[in-house]
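K.L.:
Below is a structure I'd like to ask you about.
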Amino acid sequence: MKKITALLALGLMTGAVHAQAVDPYGNIQIGNNTSISPPSDPGSPNTVKTGQIVIGNGASTNGQDAIAEGTGANAEGLEAMAKGKGAKASGNWAKADGAGAEATDINTTASGHLAKARDAGDTATGAQAETCVDGGGRATATGIQAYACGREATTTGAGGQATAQYATNNGAMGKATKEAATNVGAYGEAGGVSSTNVGSFGKATADRATNLGAGGTAAHYNSVSIGYGTKTTQANEVAMGNRKVTQVANGSISQGSTDAVNGGQVWEILQNLPNGSNFDETLWNDRWDNINNRFGEVGKRIDGLGAQMGAMSMMAAAPGEGGLSVGVGYSGSSAAVAVGWSKRFNDRVSMAVGASFGGGNKAVIGVGLRIGGR
Numbered sequence: 000m001k002k003i004t005a006l007l008a009l010g011l012m013t014g015a016v017h018a019q020a021v022d023p024y025g026n027i028q029i030g031n032n033t034s035i036s037p038p039s040d041p042g043s044p045n046t047v048k049t050g051q052i053v054i055g056n057g058a059s060t061n062g063q064d065a066i067a068e069g070t071g072a073n074a075e076g077l078e079a080m081a082k083g084k085g086a087k088a089s090g091n092w093a094k095a096d097g098a099g100a101e102a103t104d105i106n107t108t109a110s111g112h113l114a115k116a117r118d119a120g121d122t123a124t125g126a127q128a129e130t131c132v133d134g135g136g137r138a139t140a141t142g143i144q145a146y147a148c149g150r151e152a153t154t155t156g157a158g159g160q161a162t163a164q165y166a167t168n169n170g171a172m173g174k175a176t177k178e179a180a181t182n183v184g185a186y187g188e189a190g191g192v193s194s195t196n197v198g199s200f201g202k203a204t205a206d207r208a209t210n211l212g213a214g215g216t217a218a219h220y221n222s223v224s225i226g227y228g229t230k231t232t233q234a235n236e237v238a239m240g241n242r243k244v245t246q247v248a249n250g251s252i253s254q255g256s257t258d259a260v261n262g263g264q265v266w267e268i269l270q271n272l273p274n275g276s277n278f279d280e281t282l283w284n285d286r287w288d289n290i291n292n293r294f295g296e297v298g299k300r301i302d303g304l305g306a307q308m309g310a311m312s313m314m315a316a317a318p319g320e321g322g323l324s325v326g327v328g329y330s331g332s333s334a335a336v337a338v339g340w341s342k343r344f345n346d347r348v349s350m351a352v353g354a355s356f357g358g359g360n361k362a363v364i365g366v367g368l369r370i371g372g373r
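Per numbering that gives the first Met the number 0, residue 0 is the first one in the sequence shown, and the count goes up by one each step.
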């Protein structure tokens, strides 16, 4: 009577209890062709796994405190639990809940019709949700026909996929297909390493690319697309889709600055140009006057130099065996005088020394020596 009362308290049956319902080690079998492995053996308690529960035709267990409930259900492993027709839990702490559900590695969980969790620590929740074998472990697939394959890959949403390590998808029919890629949005795709898409039907298909907006595409390395339908055109760019950027703080305008400037700063610059409201005509005219004065000084110096050269040349043209020579030269508004001394030592050697002064320039000095010839 106590055995039947205990079973009713567990909610495991409402009718008569079949033969061999509870053995001396607390194992329970209810149903035709059920099995507990290894068999209960009162003579060898050290080989018996206790606390097993088998309910359903053809159900079986093989593990300490394992539970199999449902026609053909099978639970193998420490505290493994299979619940549902044909459910299979094969691994320590594995749990399969749903017709045809399979949790086939240590600490896996499969919940839903035909859900399958295949690698250590994996979780599949939803009808036909799946993880893969040898994906790296701890993957999570949540949603009808969701699929996760990769170390700590996570997908949420019907038909969603996360198929690389650390990839994350959150959206029905969305995809995250490369390492550390993240998609948020139905039918969106993150298809580059460390790429991010946020927006339904959006895509980030290049490494480190980011799309923020429904239907947008970031298809170039390290590019960013912002807004509905925006598309990038080259690497390392931020595409705004021909949108205005507002509320931009003043940027630094200085040598080497990489700050963005706003319209107000550009307006202030324009006001200081000719025809601008803040244009200082006096200051502008003073600058032009300074330039004109500098050119004038250069002209005077050129005139003075020309006068000095002229004076020197006239001095050299003075005939004679030797002595003192004087020449005068003019160029523009400048005048200069040259004084020189010359000496012929013989038919083959002569010498001349001269200097020119004036024209507003420094003195010009020249020395000449002639050897040979007549």
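Even for Gly, the Cβ is constructed at its ideal location relative to N, Cα and C.
What are the residues that DSSP puts in a beta bridge with residue 92?
P.N.:
Residue mapping note: residue 92 aligns to position 93 of the sequence shown, counting from 1. BP columns for residue 92 are empty, so no partner.
K.L.:
Consult DSSP for residue 263 and reduce its assignment to one of helix, strand or coil.
P.N.:
Residue 263 sits at position 264 when you count from the first residue of the sequence shown. Correct three-state label for residue 263: helix.
K.L.:
Does the distance from the C-beta atom of residue 145 to that of residue 128 stay below 8 Å?
P.N.:
For the purposes of this step, residue 145 is identified with residue 146 of the sequence shown, where counting begins at 1. For the purposes of this step, residue 128 is identified with residue 129 of the sequence shown, where counting begins at 1. For residue 145 and residue 128, yes; Cβs fall inside 8 Å.
K.L.:
List the endpoints of the continuous beta strand (DSSP E) containing residue 110.
P.N.:
As a working mapping, residue 110 is identified with position 111 in the sequence shown. Per DSSP, residue 110 belongs to the beta strand (DSSP E) from 108 to 110.
K.L.:
When DSSP builds the beta bridges, which residues end up paired with residue 237?
P.N.:
Here the question's residue 237 lines up with position 238 in the sequence shown. Answer by DSSP bridge pairing, in chain order: 223.
K.L.:
How about residue 69 and residue 86: are their beta carbons less than 8 Å apart?
P.N.:
Counting from 1 along the sequence shown, the entry for residue 69 is found at position 70. Counting from 1 along the sequence shown, the entry for residue 86 is found at position 87. Contact: yes.
K.L.:
Skipping 5 residues on each side, what residues in its chain have a beta carbon closer than 8 Å to that of residue 97?
P.N.:
If you number the sequence shown from 1, residue 97 lands on position 98. Around residue 97: 82, 83, 86, 109, 110, 111, 112, 113, 114 and 126.
K.L.:
Starting from the Cα of residue 56, find the closest Cα among 76, 28, 137 and 228 and give me that residue.
P.N.:
Numbered from 1 along the sequence shown, position 57 holds the residue referred to as residue 56. Selected option, being the one with the closest Cα: 28.
K.L.:
So, at 6 Å on beta carbons, what are the nonlocal neighbours of residue 369 in its own chain, with the 5 sequence-adjacent residues on each side left out?
P.N.:
Taking the first residue of the sequence shown as position 1, residue 369 is located at position 370. If we look at residue 369 and ignore the five residues flanking it on each side, its Cβ neighbours are 349.
K.L.:
Rounded C-beta distance between residue 217 and residue 205? I'm assuming under 8 Å.
P.N.:
For the purposes of this step, residue 217 is taken as the residue at position 218 of the sequence shown. For the purposes of this step, residue 205 is taken as the residue at position 206 of the sequence shown. Residue 217 to residue 205, Cβ: 7 Å. Contact.
K.L.:
Locate the beta strand (DSSP E) running through residue 243, then write down its first and last residues.
P.N.:
As a first step, residue 243 must be located in the sequence shown, where it is residue number 244. Taken as a continuous stretch (DSSP letters only), residue 243 belongs to no beta strand (DSSP E), as it is neither H nor E.
K.L.:
CA-CA distance, residue 166 and residue 149?
P.N.:
Residue 166 sits at position 167 when you count from the first residue of the sequence shown. Residue 149 sits at position 150 when you count from the first residue of the sequence shown. Distance between the alpha carbons of residue 166 and residue 149 is about 8 Å.
K.L.:
Which whole runs of the alpha helix (DSSP H) in the stretch 168 to 234 are 4 residues long or more, in chain order?
P.N.:
Complete alpha helix (DSSP H) runs here, min 4: none at all.
K.L.:
Could you give the first and the last residue of the continuous beta strand (DSSP E) run that contains residue 141?
P.N.:
If you number the sequence shown from 1, residue 141 lands on position 142. 139 to 141 is the extent of the beta strand (DSSP E) around residue 141.
K.L.:
Tell me whether residue 249 sits in a helix, a strand or coil according to DSSP, three-state version.
P.N.:
For the purposes of this step, residue 249 is identified with residue 250 of the sequence shown, where counting begins at 1. Residue 249 falls in the coil class under three-state DSSP.
K.L.:
Tell me where the beta strand (DSSP E) around residue 82 begins and ends.
P.N.:
Working through the sequence shown from its first residue, we reach residue 82 at position 83. 80 to 82 is the span of the beta strand (DSSP E), which, as asked, contains residue 82.
K.L.:
What's the call for residue 250, buried or exposed, on a 16-neighbour Cβ count within 10 Å?
P.N.:
Taking the first residue of the sequence shown as position 1, residue 250 is located at position 251. With fewer than 16 other Cβ atoms within 10 Å, it is exposed.
K.L.:
Short check: CB of residue 239 to CB of residue 228, under 8 Å?
P.N.:
Along the sequence shown, one-based indexing puts residue 239 at 240. Along the sequence shown, one-based indexing puts residue 228 at 229. Not closer than 8 Å, so no.
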